[in-house]
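This report concerns only the one structure given below.
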Amino acid sequence: MFIVGLTGGIGSGKTAASDWFAAQGITVVDADVVAREVVMVGQPALLEIAETFGHWVLQPDGTLDRAALRQHVFLHPQDRQKLEKITHARIHVAMAQQLQAATSPYVILVSPLLLESGKAGLSSLCQRILVVDVPEEVQRIRAGARDGQTLESIDRIMAVQIARTDRLAQADDVAVNDGELTHLYQQLRVLHAQYLEMSRDH
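Here it is in structure tokens:
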């Protein structure tokens, strides 16, 4: 299986890019989507999170209060490690299952933290790394408009993510998303053709 890892900082447009690939019939395995799936009501991870942190992490309907938990682990780094211990292995197993089930010529593996774990992380599964890149100021504006988060909260997220220069240094391919989506899509069309060719030779 030929796997293209897709990453980028918060507000860069990873979802816009992955949605475009999906529209071309390419299987997309998204770490954020899988992370939500493994903590759905009825999943063992949700029960373990509630037992570890307390039932304040649950909303009245029993679903995970993701915003409250995200805020908590940003303020308490030691609890971030506890959360990752509960979720990471389950996320990786679920992603591996989805990758194995893919039938498209190649697969897009989306993760905002694709490069953060080094050679032992998700990037080790990928034959190519595609970075969706925007200037940091654009990231802040887009993320604030989309999520309604404060600039302080966005800056904390960006501080956890790999530096933009380091991300670009590890990229095999870069798609610049600092303007209209049509400009992004033009770049993705070229890359899609290249990936189809590479997947045939893989």
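Read in order, the letters of the sequence shown correspond to residues 0 to 201 in numbering that gives the first Met the number 0. Ideal Cβ placement from N, Cα and C applies to all residues, glycine included.
How big is the Cα-Cα spacing for residue i and residue j?
| i | j | result |
| --- | --- | --- |
| Ala21 | Pro43 | 30 Å |
| Arg65 | Val159 | 17 Å |
| Glu115 | Thr6 | 11 Å |
| Met94 | Glu136 | 32 Å |
| Val40 | Asp200 | 42 Å |
| Arg163 | Val130 | 10 Å |
| Asp18 | Asp31 | 14 Å |
| Asp132 | Trp55 | 36 Å |
| Val37 | Ala15 | 23 Å |
| Ser123 | Glu83 | 19 Å |
| Ile25 | Leu121 | 19 Å |
| Thr149 | Met197 | 42 Å |
Please report the residue range of the alpha helix (DSSP H) in which residue i lies.
| i | result |
| --- | --- |
| Ile211 | This structure does not reach residue 211, given that the chain is present from 0 up to 201, and the question cannot be answered. |
| Leu190 | 180 to 200 |
For a test of the three-state rule: what should DSSP assign to residue i, helix, strand or coil?
| i | result |
| --- | --- |
| Val33 | helix |
| Val56 | helix |
| Leu45 | helix |
| Thr14 | helix |
| Thr51 | helix |
| Val40 | coil |
| Leu124 | helix |
Are the CB atoms of residue j and residue i within a distance shorter than 9 Å?
| i | j | result |
| --- | --- | --- |
| Val106 | Leu113 | no |
| Gly10 | Val109 | no |
| Phe73 | Arg155 | yes |
| Ala174 | Leu195 | no |
| Ile2 | Arg166 | no |
| Met157 | Gln138 | yes |
| Asp177 | Gln193 | no |
Quick check on the DSSP output: the beta strand (DSSP E) that includes residue i runs from which residue to which?
| i | result |
| --- | --- |
| Leu5 | 1 to 6 |
| Val106 | 105 to 109 |
Considering only heavy atoms of the ligand HEM, does any lie closer than 8 Å to the CB of residue i?
| i | result |
| --- | --- |
| Val3 | What this structure holds is no ligand at all, so the ligand HEM is not there to describe. |
Fully enclosed by the stretch 129 to 178, which beta strand (DSSP E) runs are 3 residues long or longer? 172 to 175
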